[in-house]
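> One structure follows; several queries about it will come next.
There are 2 protein chains.
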Amino acid sequence: MAFARKPVTGMKDILPREMEIRDYCIGLVKQTYKTFGFTPVETPCVEHIENLQSKQGGENEKLIFKILKRGEKLRLEEAKEEADLVDSGLRYDLTLPLARYYANNAGSLPKPFKALQIGPVWRADRPQRGRFRQFYQCDIDILGDPSPLAETELILATTGMLAKLGFSGFTVRINDRRILKAMAAAAGIGAEGQEQAFITLDKLDKIGPDGVKAELLEVGFTQEQVDAFAGLAACGNDLPAMADALGENLDRAAYENLTQIMQAVDGAGDFALVFDPTLVRGMGYYTGTIFEVGVEGFPGSVAGGGRYDGMIGRFTGQETPACGFSIGFERIVTILLEQGFTPPAAGGKKAFLVEKGMDADRLKAVFAEAQAERGAGAVVLVSVMNKNKKFQKEQLAAEGYLDVKEFYVRPL
Amino acid sequence: MAFARKPVTGMKDILPREMEIRDYCIGLVKQTYKTFGFTPVETPCVEHIENLQSKQGGENEKLIFKILKRGEKLRLEEAKEEADLVDSGLRYDLTLPLARYYANNAGSLPKPFKALQIGPVWRADRPQRGRFRQFYQCDIDILGDPSPLAETELILATTGMLAKLGFSGFTVRINDRRILKAMAAAAGIGAEGQEQAFITLDKLDKIGPDGVKAELLEVGFTQEQVDAFAGLAACGNDLPAMADALGENLDRAAYENLTQIMQAVDGAGDFALVFDPTLVRGMGYYTGTIFEVGVEGFPGSVAGGGRYDGMIGRFTGQETPACGFSIGFERIVTILLEQGFTPPAAGGKKAFLVEKGMDADRLKAVFAEAQAERGAGAVVLVSVMNKNKKFQKEQLAAEGYLDVKEFYVRPL
């Protein structure tokens, strides 16, 4: 077969300029989150197929890259169904492997456990511009802490990290699934219809308030329910006013929890924190607080998360409160690339050009000089001097090597 | 199906203590290699199956984790052979994807191109202690530089990095495939038998000099050939003496090249550099200089590499001189773990324990104090105070949080 030069469909080679930004972001993430006591962990990229298909992954379970069984020769003629050939797949997120990791290692982990994960995940999505089948996720999760300190820490860590990346004036929107449920209940929507009402409300960004109302009617809610629910959603960013409007439907614990988080985070940095009763977050596994970070000028969000107290227990059989925040790593890298962001460079960039035929002693002196500069933090490129030195220096300048030193066989 | 808690066969969860060492090593590798002008690059973990099976990967091609085709429903009943089901697999090394990357992107990369890659690779080896089916490789490669500056830079970068990790008194052994060929030729071994002679010589560590002689005889070399070849191999570490012994079989260019590298590197750090005529390196693709780093007290090597001028061209159709050095990342992490290595910590580790029921204003002050400490580089863990505070503090101490500050609802 011919050698293929392009990456496999939907995946990409990362070029030096993007790589520099990615490495910078990863470094900053690790450094910042570490000061909050988050511990980096890593799970294998390959996960049991039965775990990947355990109905916790939603739509992602349809997008799994499946891996052929190893160990014996592939018995194609005897295989009756896919399960005869496949026993593992590539992870589609970092949350499911974290649940397995926690179940496997809880005995040797601190409680609460503050986990930091950065790594690639794979989804066989339809290839489209700016969306790749291998991409990085970057998650922080606090397992085993039911208190609002968890949410507060997650929000402070994430906003602090975004500020260090040069983002300012961004907005953290916050809500609680229990507020959403109270809104639905106050509008006369019973438990069985609530998830549908939230799914529709979640489309507000795309279809607008009239679109939401129309869809709510279309899926079968009464005019009265729709008006009441949409009215509460349009209530604005005043949490105490929402509490009044919800009356006895309000979950007091949720309200106090949310108030405490908002007061603790308020004014902690150069960002706005707003209660947003229209914030839903797609994943059905959230049980309490939910939050999302938006940056002006860029649609959608750059980070999001929430509390999912039920999920770990469903995997492990042991109830474990959990709360997580995921930054949109690829999104942030794309924004920084588009902004022409350049990570701050420590030291300078120098190129040493060495004429061919230099004797070993002089060459040794050149390398010693390079080593000394490197020890002081500079980037030093040692290269053979080309015949077309002018062209070579132009190329070096394009890579940021403006400081060029030339070494000749006979000193000039 | 039941939820599986253990990782898939042969792979492992990385616990916090190991992760701390891994992150530290990766940081040091990136930081050190960057000062030499190496540019980080990344390729997808998933590679075309035809590239993986293009006969450059040797034995590794038998160990590929193969991925089922995506896009249409699996047509098991129509599949006649594996190729009907599989179009990609997980990469088993970083060199092959680098060749594809270079073929795909050479137009937008500097020349020579100094690439740094760190990332996971997968091999379905028989599971055994200390050997995993997912492991990290860490490679630096210089593509497009035929001069001995490339080897010199690679050796300086790698030894400098090992020294920063606390290794000292290690040994860099160096040889050249062209010296090995001259040794074989001088012993009367023709081109067709040379690779076999090298494979046997490569077992010297395991079977000793008598074992090597016995195997050389066994595979069909004459007593005279074996005595001459083994005699040259036992010649010792004196390169000029070897040159004399080889006489007209010596490749002068190889000799001068090797001399220049050795002189440039000699004395550049706290390690011994020795010419070793018994150094072979397993991979048949090497064409010139080869080198390996050993650490006293640990069998085998912690890093190795060499020049492989033919390989990239075979993939890309365009001749490209290439030279690379790979550090045994997992090996080094294991050694550091066994040595009880702890990465130097910046700032201190502090735990803030907060009594339950604190009002928002006081809580906000606690978080503000934590943020100030974090800004100054400390790690600060904010946790709810447990009922059993003594036990909690013991646990915190075990994690390195010896400095514990307590915050009460009513100040004491």
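Protein sequences, first through last, are from chains Y and X.
For the first sequence, the working numbering gives the first residue as 1, with consecutive numbering after it.
For the second sequence, the working numbering gives the first residue as 413, with consecutive numbering after it.
Every residue, glycine too, gets a C-beta built ideally from N, C-alpha and C.
This one's a predicted model, so the numbers in the text were calculated from it and none came from an experiment.
(1) Along chain X, in chain order, which residues have C-beta atoms closer than 8 Å to that of ASN105/Y?
(2) Between the beta-carbon of ILE332/Y and the beta-carbon of CYS25/Y, is there less than 8 Å?
(3) Do PHE315/Y and ALA99/Y have their C-beta atoms within less than 8 Å of each other?
(4) Looking at GLU604/X: is its Cβ nearer than 8 Å to the Cβ of GLY696/X?
(5) Can you name the start and end residues of the beta strand (DSSP E) that ILE739/X belongs to?
(6) Run down chain Y in chain order and give the residues with a C-beta less than 9 Å from the C-beta of PHE448/X.
(7) Anything in the segment 548 to 563 of chain X with a Cβ closer than 8 Å to a Cβ of chain Y? List those residues in chain order, please.
(8) Can you tell which of ASP682/X, ALA642/X and GLN672/X has the C-alpha that lies nearest to the C-alpha of LEU691/X?
(9) Mind checking if LEU566/X is an interface residue toward chain Y, Cβ cutoff 8 Å exclusive?
(10) For PRO120/Y, which residues in the same chain have their Cβ closer than 6 Å to its Cβ, ignoring the five residues on either side in sequence?
(11) Please report the straight-line C-alpha distance between GLY310/Y and GLY166/Y, rounded to a whole angstrom.
(12) When Cβ atoms are compared, which residues of the segment 644 to 673 of chain X fall closer than 8 Å to chain Y?
(13) Could you name each continuous beta strand (DSSP E) segment of 3 residues or more that falls completely within the segment 512 to 567 of chain X, going from the start of the chain to the end?
(14) Note down, in chain order, every chain X residue with its Cβ under 9 Å from the Cβ of LYS66/Y.
(15) So if DSSP puts SER54/Y in a beta bridge, which residue, or which two residues, is it bridged to?
(16) Would a C-beta distance cut-off of 8 Å place TYR33/Y and ILE155/Y closer than the cut-off?
(17) Taking Cβ-Cβ distances shorter than 8 Å, what residues in chain A pair up with TYR513/X?
(18) Report the three-state DSSP secondary structure of PHE271/Y (helix, strand or coil).
(19) If you compare alpha carbons, which of LEU502/X, PRO560/X and GLU565/X is closest to ASP588/X?
(20) Against ASP23/Y, what residues of chain X qualify as contacts under a CB-to-CB distance less than 7 Å, listed in chain order?
(21) What does GLU47/Y touch in chain X if you count any residue whose Cβ is under 7 Å from its own?
(22) Which whole-angstrom value describes the C-beta separation of ALA536/X and LEU475/X, a residue pair presumed to lie in contact below a C-beta threshold of 8 Å?
(23) Rounded to whole angstroms, what's the CA-CA distance from ALA421/Y to ASP202/Y? Just pull it up for me.
(24) Could you check whether the Cβ of PHE229/Y sits closer than 8 Å to any Cβ belonging to chain X?
(25) Tell me the DSSP secondary structure of ASN587/X in three-state form.
(26) Would you kindly check if the distance between the Cβ of GLY347/Y and the Cβ of GLY324/Y is under 8 Å?
(27) If you compare alpha carbons, which of LYS481/X, PHE753/X, TRP534/X and ILE530/X is closest to LEU85/Y?
(28) How do the segment 582 to 596 of chain X and the segment 464 to 473 of chain X stand: do at least 3 beta-carbon pairs fall below 8 Å, yes or no?
(29) Contact between the segment 333 to 340 of chain Y and the segment 359 to 368 of chain Y is defined here as three or more beta-carbon pairs at a separation below 8 Å; is this criterion met?
(30) Spell out whether any CB of chain X is found under 8 Å from the CB atom of LYS364/Y.
(31) Between the alpha carbons of GLY729/X and ASN463/X, how many angstroms are there, rounded?
(32) If you follow the alpha helix (DSSP H) that GLY375/Y is part of, which residue opens it and which one closes it?
(33) Cutting at 7 Å between CB atoms, please list the residues of its own chain near PHE298/Y, excluding the five before and the five after it.
(34) Measuring CA to CA, which of GLY400/Y, TYR401/Y, GLY89/Y and TYR408/Y is closest to LYS387/Y?
With the structure as the only source:
(1) Result: ASP425 and LEU427.
(2) Result yes, Cβ atoms of ILE332/Y and CYS25/Y sit closer than 8 Å.
(3) Yes, the pair counts as a contact, with Cβ atoms nearer than the cut-off.
(4) No.
(5) Boundaries of the beta strand (DSSP E) around ILE739/X: 734 to 739.
(6) Against PHE448/X, the close residues of chain Y are ALA370, ARG374, VAL379, VAL380, LEU381 and VAL382, in the order they occur along the chain (beta-carbon pairs closer than 9 Å).
(7) So the list reads ASP557, SER559 and LEU561, given in the order they occur along the chain.
(8) The shortest Cα separation from LEU691/X among ASP682/X, ALA642/X and GLN672/X belongs to ALA642/X.
(9) Not closer than 8 Å to any Cβ of chain Y, the Cβ of LEU566/X fails to qualify, so no.
(10) Counting only Cβ-Cβ distances below 6 Å, and skipping sequence neighbours, we find GLN134 and TYR136.
(11) Their Cα atoms are separated by approximately 35 Å.
(12) Residues THR671 and GLN672.
(13) As far as the segment 512 to 567 of chain X is concerned, its whole beta strand (DSSP E) runs of at least 3 residues are 525 to 534 and 546 to 555.
(14) The contacting residues are ILE479, LEU480, ARG482 and LEU486.
(15) Partner residues in a beta bridge of SER54/Y, as assigned by DSSP, do not exist.
(16) Not closer than 8 Å, so no.
(17) Reference to chain A is not applicable here, since the protein chains of this structure are Y and X.
(18) The answer is strand: DSSP assigns PHE271/Y an E or B state.
(19) Checked all of LEU502/X, PRO560/X and GLU565/X; the closest Cα to ASP588/X is PRO560/X.
(20) Residues of chain X passing the Cβ test: LYS442 and PRO452.
(21) Taking the beta carbon of GLU47/Y as reference, the chain X residues within 7 Å of it are VAL420, listed in sequence order.
(22) Rounded, the Cβ-Cβ distance is 5 Å, consistent with contact.
(23) This structure cannot settle anything about residue 421/Y, because the visible part of chain Y is limited to 1 through 412.
(24) Chain X contact via Cβ: absent.
(25) The answer is strand: DSSP assigns ASN587/X an E or B state.
(26) Contact flag unset, no.
(27) It is LYS481/X whose Cα lies nearest to the Cα of LEU85/Y.
(28) Output reads no: the segment 464 to 473 of chain X does not touch the segment 582 to 596 of chain X.
(29) No, they do not touch.
(30) Interface flag for LYS364/Y against chain X is set, since a Cβ pair is found closer than 8 Å.
(31) Looking at the two C-alpha atoms, the distance is approximately 14 Å.
(32) Counting along the chain, GLY375/Y sits inside the alpha helix (DSSP H) bounded by residues 360 to 375.
(33) Once the five neighbours on either side are set aside, the close Cβ partners of PHE298/Y are ILE335.
(34) It is TYR408/Y.
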